[in-house]
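Position in the sequence shown (from 1) plus 109 gives the number in my numbering.
Written out below as structure tokens is the structure these notes cover.
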Amino acid sequence: INQFISAKVNDRLTAALSKEAEKQQEEIIETPEESKINTTEEELEAYRIIVAVLRRKTARERITYRDTQSYFGILLDDNNRKPICRLHLNGGKKYISLFDRDKNETKALINSIDDIYNFEEQLLKTVDYYETD
Numbered sequence: 110i111n112q113f114i115s116a117k118v119n120d121r122l123t124a125a126l127s128k129e130a131e132k133q134q135e136e137i138i139e140t141p142e143e144s145k146i147n148t149t150e151e152e153l154e155a156y157r158i159i160v161a162v163l164r165r166k167t168a169r170e171r172i173t174y175r176d177t178q179s180y181f182g183i184l185l186d187d188n189n190r191k192p193i194c195r196l197h198l199n200g201g202k203k204y205i206s207l208f209d210r211d212k213n214e215t216k217a218l219i220n221s222i223d224d225i226y227n228f229e230e231q232l233l234k235t236v237d238y239y240e241t242d
């Protein structure tokens, strides 16, 4: 009888411990990973500059952004097939990437986000490309 009772107690303890281990494993799985993407105030300010420049050609609601680990992308109609420009502001040097009609990317060095105003004509042309296609 003692062996029978010991076996039952042992089975229940094993089952309880495995359920607890499963529960802990589920909690670990459900814990979301911290995002490695950090949208900075400088990136948001640059976005606002680009919106201000492009307001003459298109509605503000059509200009969106997507932040990635490697760049801050400005899009038309929240469509990654319609990139307006990309900003590389998190490294040592700051760049703006501009796109031509064939979506070829050209990087230009900028000293600060205020230099974005120097690319007004190219930004407006990029929106024109998408409007005429």
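We put the CB at the ideal spot given by N, CA and C, even for glycine.
The structure displayed is predicted, hence computed values, not measured ones.
Nearest candidate by alpha-carbon position, reference residue i, set the options
{"i": "N95", "options": "D242, N199, I205", "result": "In the structure as shown, the chain begins at 110 and stops at 242. Residue 95 is therefore absent and cannot be evaluated."}
{"i": "I205", "options": "D211, R165, H197", "result": "H197"}
{"i": "I244", "options": "F228, K166, T235, N119", "result": "Shown here, the chain extends from 110 to 242; a query on residue 244 therefore has no answer."}
{"i": "K203", "options": "I110, V118, E152", "result": "E152"}
{"i": "I222", "options": "R121, S115, I110, E154", "result": "E154"}
C-beta contact flag for residue i and residue j at 8 Å
{"i": "Y239", "j": "K191", "result": "yes"}
{"i": "I183", "j": "I225", "result": "no"}
{"i": "L185", "j": "L233", "result": "no"}
{"i": "F181", "j": "R195", "result": "yes"}
Inter-residue spacing [alpha-carbon to alpha-carbon] between residue i and residue j
{"i": "N227", "j": "F208", "result": "15 Å"}
{"i": "D237", "j": "E214", "result": "16 Å"}
{"i": "T149", "j": "E229", "result": "22 Å"}
{"i": "T167", "j": "D242", "result": "15 Å"}
{"i": "I110", "j": "T123", "result": "20 Å"}
{"i": "T173", "j": "G201", "result": "25 Å"}
{"i": "I114", "j": "S127", "result": "20 Å"}
{"i": "R165", "j": "D211", "result": "23 Å"}
Beta strand (DSSP E) segment containing residue i, residue limits
{"i": "T215", "result": "214-219"}
{"i": "I205", "result": "203-208"}
First through last residue of the alpha helix (DSSP H) which encompasses residue i
{"i": "K234", "result": "229-241"}
{"i": "R157", "result": "150-163"}
contact_flag[the segment 163-177, the segment 216-228] where n(CB pairs < 8 Å) is 3 or more: no
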